[in-house]
Amino acid sequence: MSHITSKPRTKVEVKTERPRLHKVILLNDDYTPREFVVTVLKAEFRMSEEQAYWVMITAHKRGACVVAVFTKDVAESKATRATEMGRSKGYPLLFTTEPEE
Ligand code: TYC
Numbered sequence: 023m024s025h026i027t028s029k030p031r032t033k034v035e036v037k038t039e040r041p042r043l044h045k046v047i048l049l050n051d052d053y054t055p056r057e058f059v060v061t062v063l064k065a066e067f068r069m070s071e072e073q074a075y076w077v078m079i080t081a082h083k084r085g086a087c088v089v090a091v092f093t094k095d096v097a098e099s100k101a102t103r104a105t106e107m108g109r110s111k112g113y114p115l116l117f118t119t120e121p122e123e
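Offset between the sequence shown (1-based) and this note's numbering: plus 22.
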């Protein structure tokens, strides 16, 4: 009598998904001074004057502009802090976040 044994062939593959990144989006409004938007972008997102200017002018012309991407917590706290900088001066400046596709 012969015994043919075979090893189980099930392979367990462990896949670790990267956390989804979240975009911080700058929204245009009619009241916040352009120069103040540039100041906030430089302070909170460590942008150069030139980078900050182009992000501001893109939001001004198109209604919104993606500022940067971060993990969810970092994106949310930066958006909140940047929005609060506007609030502290009485401006309606608004930063939102959304998950990247
Ligand atoms: N639209 C504003 C103005 O003309 C400037 C501005 C730009 C405000 C971008 C918000 O996200 C913004 N004073």
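Using N, Cα and C, we set each Cβ at its ideal position, and we do this for glycine too.
Note that this is a predicted model, so its numbers are computed, not measured.
Are the Cβ atoms of residue i and residue j separated by less than 8 Å?
i, j, result
"A81", "N50", "yes"
"V77", "L63", "yes"
"L115", "V60", "no"
Let me check you understand the geometry: is the CB of residue i closer than 7 Å to at least one non-hydrogen atom of ligand 1?
i, result
"M69", "no"
"M78", "yes"
"P55", "yes"
"V89", "no"
"A101", "no"
Compute every distance between the C-beta of residue i and the non-hydrogen atoms of ligand 3, then say whether any falls below 7 Å.
i, result
"R109", "Among the ligands modelled here, namely ligand 1, ligand 3 does not occur."
Between residue i and the rest of its own chain, which residues show a CB-CB distance below 7 Å, the 5 nearest in sequence each way excluded?
i, result
"E122", "R42, L43, H44, K45, V91"
In chain order, what residues of the same chain have a beta carbon less than 8 Å from the beta carbon of residue i, not counting five sequence neighbours either side?
i, result
"C32", "Correcting the residue type first, residue 32 is Thr in the shown sequence and not Cys. Around T32: no qualifying Cβ."
* Asked: Which runs of the alpha helix (DSSP H) spanning at least 4 residues fall entirely within the stretch 59-93, listed in chain order?
  -> As for any alpha helix (DSSP H) of minimum length 4 sitting wholly inside the stretch 59-93, the runs are 71-84, ordered along the chain.
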